[in-house]
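Student: When you line the sequence shown up against our numbering, it's residues 515 to 655, in that order.
Before we start, here is the structure in question, set down as structure tokens.
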Amino acid sequence: MIDKIVKTLQDASGTIKEQASNLGAGAKEKTYAIIEDWLQVFPQLEIYGLKVESFALGIALSPSLEVDLKGAHADFSADRLEELLAKEGNSTALRTVLSTIKTTYSLHRRIYADLQEPLIVKIRVKISPEVKVFIGEPLIQ
515 MIDKIVKTLQ DASGTIKEQA SNLGAGAKEK TYAIIEDWLQ VFPQLEIYGL
565 KVESFALGIA LSPSLEVDLK GAHADFSADR LEELLAKEGN STALRTVLST
615 IKTTYSLHRR IYADLQEPLI VKIRVKISPE VKVFIGEPLI Q
């Protein structure tokens with residue numbers, strides 16, 4: 515009887531390990547597809563005035579891509595951001611970056627602080643992409 519219970523537990527354990535492995539592989543494939551989409555965005559952002567300063571790929575259960583871009587505030591006036599956001603054919607990723615920059619400027623104006631150079635955009639691409647915009651050099655990394 516005990517042998518049958520042990521055998522059943524071993525079979526169940528093997529099945530669970532196999533399913534977990536399949537889930538991990540699926541997550542990796544999805545993340546790599548997302549990263550591929552984002553790789554198309556960086557050249558466009560460079561045309562708009564954001565230069566890639568650093569580029570990193572993290573390999574883990576869920577891979578990630580981290581990119582820091584730097585630009586000048588003069589290249590991203592409210593009118594220019596509206597113009598760029600209104601362009602037909604912009605990808606969701608590109609629109610996310612531009613709208614995050616626009617929102618950051620809007621919130622920054624509400625605190626009546628001077629603009630500090632440079633404009634820094636940090637992008638972390640993973641299953642849920644993350645975009646951060648800094649005005650001036652961040653003290654906390």
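The C-beta atom is built at its ideal place from N, Cα and C for all residues, glycine as well.
Everything numeric in this text was worked out from a predicted model, so none of it was measured.
1. In this structure, what does DSSP give as the bridge partners for residue 568?
2. Take the Cβ of residue 573 as the centre, count every other Cβ of all protein chains shown within 10 Å, and call the residue buried at 16 or more, exposed below.
3. Under a three-way DSSP split, which group does residue 549 fall into?
4. Under the rule that 16 or more other beta-carbon atoms within 10 Å means buried, what is residue 590, buried or exposed?
5. Decide yes or no for the touch test of the segment 603 to 615 against the segment 633 to 640: beta carbon pairs closer than 8 Å, at least 3 of them.
6. Take residue 560 as the anchor and find which of 549, 586, 619 and 570 has the nearest alpha-carbon.
7. If we count the other Cβ atoms within 10 Å of its Cβ and call it buried at 16 or more, is residue 641 buried or exposed?
8. Run through DSSP, which three-state label would residue 649 get?
9. Which of the three DSSP states is assigned to residue 615 in this structure?
Tutor: On the basis of the data shown:
1. 582
2. exposed
3. Residue 549: helix per DSSP, three-state reduction.
4. Around the Cβ of residue 590, a 10 Å sphere holds 16 or more other Cβ atoms; the residue is buried.
5. Taking 8 Å as the limit for Cβ pairs, the verdict is that the segment 633 to 640 does touch the segment 603 to 615.
6. 586
7. Counting the other Cβ atoms within 10 Å of the Cβ of residue 641 gives fewer than 16, which makes it exposed.
8. strand
9. DSSP places residue 615 within a helical segment (H, G or I) once states are collapsed to three.
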